[in-house]
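S.K.: Quick one: the structure is below, questions incoming.
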Amino acid sequence: MKHIVVVATGGTIAGIGEKGKTVVYHAGEIRVAEILSSIPSVQHLAHITEEQLMNVDSNEMNEENWLFLANRINELIQRDDVDGIVVTHGTDTIEETAYFLNLTIHSDKPVVMTGAMRPASATSADGPYNLYQAIALATCDDARNQGVMVLFSNTIYSGRDIQKVNNYKIDAFDQKSFGCLGYMQDEKVYFFSKTFKTHTHDSIFSEHLPEKLPRVAIVYYYGGADAHILEYLSASHEAIIIAGSGNGNYSKEWMNMIDHCANEKGTIFVRASRVPLGIVFNDHVFDPHEHCIAANTLSAQKARILLSLALTQTHDINELKEIFRQY
Ligand code: ASP
């Protein structure tokens, strides 16, 4: 039998509220051992050990927690007696942690994240079934070298591309226009696509993790938005991700302020989009002096993860642009 380590971080999957109800609960209340004991059939899938690394609402995840989690998974996954890792996590920021781990785990063994939209105390909680399937996926030979994955509602998503698209339904995720990596039927795994972007053991960021990440902010553009927010943030941040309109766009006032901050303070900018689907390319109309990196298909929050790691390696704008093409 394969040995899977379940690393628990909290989230709604470990949430408790009024018995039977789905609202008014606190995430990260019960230990993962308790969730596992509610699914005895999981013991037929693998030899399972668990590690309660933290127990928080995923809105508490931050640079420090990401590094702590990635370092611990890297330690566990190098062990010969560990065949795969499952991470339980809140759904609110699972897309950020999944991309961070996709870039920083130095192994091709399966790493599968999962969570739940209903707390453990709800009628028909979705967490135990998601956890069951995540463990089954982590034991699957085909799950090697797929990058960090997220298993949710019978569906296998790529850690790079997954995004939360519904804050109310159980089927809360998708993977942009790329569909998904595959489906599951109970413990059976069906892959049918693969990411082309560099990840895990091939990622330069997984070779050596930094002790600290630089400060990178996100600003949201809207009609009439005051450009001074860019100047304000550039005083305390190395880089700013703009969640622009359309193809990562903004007003002339913002364009001038980007020029000013890039020239005077050396601030690095990424043009992402507030539009959930599509791709942001370089644009000579909105970025005539080529100060900005195009986010490609990354959302603003994922572009922030990549840029934070990339800035630990280089500040050269052309090298950063190449990293955004590759990852
Ligand atoms: N607020 C919760 C969390 O992210 C939501 C969830 O897990 O579904 O921890």
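Under this note's numbering, think of the first position of the sequence shown as 310, with each following residue one higher.
Positions of the beta carbon are idealized from the N, C-alpha and C atoms, including for glycine.
If you're wondering where the values come from, they're calculated on a predicted model, not measured in any experiment.
1) Out of E573, L586, D568, which one is the CA nearest neighbour of V579?
2) Taking the CB atoms as reference points, tell me whether G319 and N374 lie closer together than 7 Å.
3) Rounding to the nearest angstrom, what Cα-Cα distance links D389 and E496 in this structure?
4) In three-state DSSP terms, what is E359?
5) Identify, in the order they occur along the chain, each residue of the same chain with its Cβ nearer than 8 Å to the Cβ of L345, setting aside the five sequence neighbours on each side.
6) Taking 6 Å as the cut-off, is the CB of S433 close to at least one heavy atom of the ligand ASP?
7) For the ligand ASP, is there a heavy atom less than 6 Å away from the beta-carbon of D480?
8) Do you know how far the Cα of T397 is from the Cα of E562?
9) I need the straight-line Cα distance from K330 to P428, nearest angstrom please.
10) Give a yes or no on whether the C-beta atoms belonging to K506 and Y636 are separated by under 7 Å.
11) With burial defined as no fewer than 16 other Cβ atoms inside 10 Å of the residue's Cβ, what is the status of N411: buried or exposed?
12) Over the uninterrupted alpha helix (DSSP H) stretch that includes G436, give me the two end residues.
13) Note down, one range per segment and in chain order, each alpha helix (DSSP H) of at least 4 residues found wholly within the region 339 to 416.
14) Just checking A336 against the ligand ASP - is the residue's beta carbon closer than 6 Å to any of the ligand's heavy atoms?
15) Hey, I403 and S367 are a contact pair by Cβ (cut 8 Å); roughly how many whole angstroms apart?
16) Look at the Cβ atom of L620, then the Cβ atom of I602, and state whether they are nearer than 7 Å.
17) Would you call M310 buried or exposed, if buried means 16 or more other Cβ atoms sit within 10 Å of its Cβ?
18) Below 6 Å, is the gap between the Cβ of T397 and the nearest heavy atom of the ligand ASP?
19) If you follow the beta strand (DSSP E) that F461 is part of, which residue opens it and which one closes it?
20) Using a Cβ-based criterion (distance less than 6 Å to any ligand heavy atom), does G320 qualify as near the ligand ASP?
21) Mind checking which residues open and close the alpha helix (DSSP H) that includes C570?
22) Measuring alpha carbon to alpha carbon, tell me which residue in P437, G468, S462, Y438 is nearest A452.
23) Leaving out five residues on either side along the sequence, give the residues of the same chain with a beta carbon under 6 Å from the beta carbon of I550.
24) Of all the beta strand (DSSP E) runs that stay within the bounds of the region 458 to 494, which reach a length of 3 or more residues?
25) Under 6 Å from any heavy atom of the ligand ASP, does the C-beta of D401 make it?
26) Could you pull out every residue in the same chain whose Cβ sits closer than 8 Å to the Cβ of L695, ignoring the five residues on either side in sequence?
27) Tell whether a beta-carbon distance below 7 Å holds between G436 and G399.
28) Within the present structure, is the beta-carbon of D366 separated from the nearest heavy atom of the ligand ASP by less than 6 Å?
29) Check each candidate in I382, Q361, R524 and name the one with the smallest Cα separation from A317.
30) Between which two residues does the alpha helix (DSSP H) harbouring S617 extend?
31) Output yes or no for whether 7 Å exceeds the beta carbon distance between T448 and A355.
32) Output the boundary residues of the alpha helix (DSSP H) element that contains K630.
33) Would you say G436 touches the ligand ASP, meaning its beta carbon is less than 6 Å from a heavy atom?
34) I'd like to know whether the C-beta atoms of A443 and V421 end up nearer to each other than 7 Å.
35) Beta-carbon separation of L616 and A552 under 7 Å?
M.R.: According to the structure shown:
1) D568
2) Remark: C-beta atoms of G319 and N374 do not approach each other more closely than 7 Å.
3) 24 Å
4) strand
5) V315, V351, I357, E359, L440
6) no
7) no
8) 43 Å
9) 8 Å
10) yes
11) buried
12) In this chain, the alpha helix (DSSP H) harbouring G436 covers 436 to 447.
13) 341 to 346, 372 to 386, 403 to 413
14) yes
15) Indeed they touch by this definition, with Cβ atoms about 6 Å apart.
16) no
17) exposed
18) no
19) 458 to 461
20) yes
21) 561 to 574
22) Out of P437, G468, S462, Y438, G468 has the C-alpha closest to the C-alpha of A452.
23) I527, V579, A581, A609, A612, R613
24) If only complete runs of 3 or more residues are kept, the region 458 to 494 shows the beta strand (DSSP E) at 458 to 461, 464 to 467, 491 to 494, in order along the chain.
25) D401 Cβ: within cutoff of the ligand ASP.
26) Past the edges of the chain, shown from 310 to 636, lies residue 695, and the structure says nothing about it.
27) no
28) yes
29) Q361
30) 609 to 619
31) yes
32) 626 to 635
33) Checking the Cβ of G436 against the ligand ASP gives no.
34) yes
35) no
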